[in-house]
Amino acid sequence: MKNLIIFLLLGAMVATLYAHSEPHQTTKRPARLRLRHRMFRGNGLTMKQRRMCWRKCDRKNTENCLAYKETVKCVCKTGFLPPFCKEGMEDCTQLPCTNGGTCSDHKIFGFKCTCPPGYSGKRCTNDVNECASNPCHEGATCVDGINGFTCKCAPGFKGKTCCDKIMSCVMPTLMGEEAPPVCKNGGWCTDSDEGFQCNCKPGFSGTTCEINNDECASEPCQNGAHCVDRVNRFQCICPKGFRGKYCEKDINECARFPCQNGATCTDLPGGFKCDCAPGFSGTTCWRNINDCHPNPCANGAKCTDKINGFECACPDGFTGDTCAANTDNCNPNPCQNAGTCTDGANGFTCQCQPGFTGAMCEINIDDCADKPCKNLGICVDKINGFRCKCTGGWRGRLCRRPPIKPHFWK
C-alpha cells in the first residue's frame, strides 16, 4: 500500500513537470526522438523502464509515461481525455450557443444549448418557420419572422390570423324584417376601410356602444361615501356627518348644541365630541355619575350621591368625609377616680384604679361588705381598704386579739 501511494505521488509530480515544461520545447527533432525526449526527459528511468514505456505508451504526443520499479503507467497529457487520450470536447467556455441561447455543460456531449423562442438546432442557428403550421386564414399570406409571423389579410378580413370579418353599418335583414342598429344606446354608425365605427353618446363606450361607462370607477365620492353609477353621471350616498355632491362638506354637529350639563362640544369630521363637566358622562354628557358606586363610605355609613361628589351619614362613633375616622371617646376622659380610658368603636373602656369599679370607675368598692372586723368591731371603709374600730377591749387589725387581762400586784 505504501509503494502504491509513492507511485501515485510520483505520477502527479511528473505530470505537473511535463505540463509546465512542454510549452518550452523548441528544438525540432524526428517524431520518435521527440516522443522519447518528452516521455523520459529528466526522470532518471533505467533502460528497462524505458523499453517498457516504448512498448506500452504509443499515443505519440498525447501521453506521458510514469515508471516505478517494474511497473509503468501511461497518463494523458493536459488537454487530452482518457481512455484514448483524445482531444477534449468543446464546452461552454467557447460560447457555442448563438442567437441568445443559454449554454450548460454536458458530461457526454460537452455542452447543451437551450434556445430562445423562434430558434432551434444544436447551436440555436436555425430560425423556426412559424408559417409552417399555416396559421393565417381566409386566403391570407403568411410572412415568417423571428419568433413570430405576420398575416397579410385578404379584403374584408382583419385580425392577427385574419379570422375577423370586417363589419359595416348596413346589416342584412332577418326574414324580411328590419335589422337592429349596429350601434346601441343611441350611438351613430360611420363606415370605414377597417369596417364600421360607432360614435357613442356621453356615458357609453365599446365597439357598439354597449358599455355603460362606470362613472364611479374614478372613486369621486369622498369621506367613505357610497357611489351609485347612473347614465353619464353618478350619485354619492353620504355617511352621517357629511354632505355635498362628493360628500366633501363636513356638517357642524355642534351647531345643534348636542352636549348637555355644561359640556364643551368639539366638531369632528363626520361627528362631534363632548368634553363633559366633572360629575357627568355619556356621549352627550347626559348621565350624572353615581359617586356612591362603589360605596365610598366606611363603617356602614349611608352614602348620598351629589353632582361630582357624595355625602356620608356617619353612625355613632365615626367621623370624617367617608366616616373612616373613629371618634375619640376618651377626649375628654370619661373615667373617674384616675381610671385609664381606652377608646373603642363607638365607645370606650375604663381601667379602674384599685378600690374602684363601674363603667367609669365611679363606684368606690365597699371593703367592709364582707364584714372583715370581728368581735363586734366597727368597720370603716377606705379607698382600696378598711379600718376596724375594736370594742370591748379587743384589738388587732381585725379585732381578733383578746383584751388584755388586768394584773393585780400583791
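Residue numbers -19 to -1, 1 to 391, in mature numbering (1 follows the signal peptide of the UniProt record, and there is no 0), belong to the letters of the sequence shown in order.
Glycine residues also receive a C-beta, built at the ideal position from the N, C-alpha and C atoms.
Model, not experiment: these values are computed from the prediction.
Per-residue DSSP class, three states only, for residue i
| i | result |
| --- | --- |
| Ser114 | helix |
| Lys226 | coil |
| Glu292 | strand |
| Glu44 | strand |
| Gln30 | helix |
| Trp35 | helix |
| Thr74 | helix |
| Arg104 | coil |
| Cys235 | helix |
| Val109 | coil |
| Leu249 | strand |
| Gly366 | strand |
| Cys380 | coil |
| Val212 | coil |
| Cys240 | coil |
| Ile270 | coil |
| Cys217 | strand |
| Thr79 | coil |
| Phe261 | strand |
| Cys66 | coil |
| Phe92 | strand |
| Ile127 | coil |
| Cys57 | strand |
| Cys84 | strand |
| Lys133 | strand |
| Thr372 | coil |
| Lys386 | coil |
| Lys355 | coil |
| Lys50 | coil |
Euclidean distance between Cα positions of residue i and residue j
| i | j | result |
| --- | --- | --- |
| Ile(-15) | Met28 | Annotation note: pLDDT 43 at Ile(-15) (below 50); position unreliable, coordinate value reported separately. Using only the alpha carbons, I get a separation of about 24 Å. |
| Lys165 | Pro239 | 54 Å |
| Cys132 | Ile147 | 15 Å |
| Thr8 | Gly102 | With a pLDDT of only 36 at Thr8, under the threshold of 50, the placement of this residue in the model should not be trusted, and no figure is reported. |
| Glu175 | Cys150 | 12 Å |
| Ala(-1) | Thr43 | Confidence at Ala(-1) is low in this model, with a pLDDT of 37, below 50, so the placement of that residue is unreliable and no value is reported for it. |
| Asp272 | Arg237 | 30 Å |
| Arg382 | Ala319 | 37 Å |
| Thr372 | Val361 | 13 Å |
| Pro162 | Lys230 | 45 Å |
| Ala113 | Asn107 | 14 Å |
| Lys182 | Ile192 | 11 Å |
| Gln178 | Gly184 | 17 Å |
| Ser199 | Lys226 | 15 Å |
| Asn312 | Ala244 | 48 Å |
| Cys316 | Cys278 | 31 Å |
| Asp248 | Phe223 | 12 Å |
| Ser173 | Gly126 | 29 Å |
| Thr321 | Gly301 | 26 Å |
| Cys255 | Ser186 | 51 Å |
Close Cβ partners of residue i (< 8 Å) along its chain, the five nearest in sequence each way excluded
| i | result |
| --- | --- |
| Gly129 | Gly99 and Glu111 |
| Lys37 | Cys46, Val53 and Cys55 |
| Ile346 | Gly336, Phe337, Thr338 and Asn365 |
| Thr189 | Val163, Cys164, Lys165, Gly168 and Cys179 |
Residues near residue i by beta carbon distance below 6 Å, same chain, minus five either side
| i | result |
| --- | --- |
| Gly298 | Thr308, Ala326 and Asn327 |
| Cys105 | Cys78, Thr79, Asn80, Gly82, Cys94 and Cys96 |
| Cys228 | Cys202, Gln203, Asn204, Ala206, Cys217 and Cys219 |
| Val109 | Gly99 and Ser101 |
| Gly377 | none |
| Cys304 | Cys278, Ala279, Asn280, Ala282, Cys293 and Cys295 |
| Cys73 | Cys84, Asp86 and Phe92 |
| Asp286 | Asn271, Asp272 and Cys273 |
Candidates the options, of which the one nearest residue i by Cα
| i | options | result |
| --- | --- | --- |
| Cys117 | Lys103, Thr95 and Cys144 | Cys144 |
| Arg368 | Cys349, Cys150 and Cys179 | Cys349 |
| Cys66 | Gly290, Cys273, Cys57 and Cys257 | Cys57 |
| Thr250 | Asn242, Arg237 and Asn233 | Note that residue 250 corresponds to Pro in the displayed sequence, not to Thr. Answer by Cα proximity: Asn233. |
| Asn115 | Phe90, Lys141, Gly137 and Gly91 | Lys141 |
| Cys380 | Cys360, Ile192, Lys363 and Lys355 | Lys355 |
| Asn194 | Phe177, Gln178, Val212 and Thr188 | Val212 |
| Pro136 | Thr122, His87 and Gly126 | Thr122 |
| Thr264 | Gly25, Glu119, Cys246 and Lys221 | Cys246 |
| Ile344 | Cys331, Phe223 and Lys283 | Cys331 |
| Asn280 | Lys254, Gly120, His274 and Cys295 | Cys295 |
| Gln241 | Lys370, Cys266 and Gly301 | Cys266 |
Same chain only: Cβ atoms within 7 Å of residue i, ignoring 5 sequence neighbours per side
| i | result |
| --- | --- |
| Ile288 | Gly260 and Asn269 |
| Trp169 | Asn180 |
| Ser262 | Arg268 and Ile270 |
| Gln30 | Ala48 and Val53 |
| Leu357 | Thr372 and Gly373 |
| Ala340 | Cys331 |
| Pro387 | none |
| Gly120 | Ala135 |
For this session: Note down, one range per segment and in chain order, each beta strand (DSSP E) of at least 3 residues found wholly within the region 273 to 351.
Result: 283 to 287, 290 to 294, 321 to 325 and 328 to 332
For this session: Let me know the alpha helix (DSSP H) ranges lying completely inside the region 135 to 210, each 4 residues or longer, listed in chain order.
Result: none
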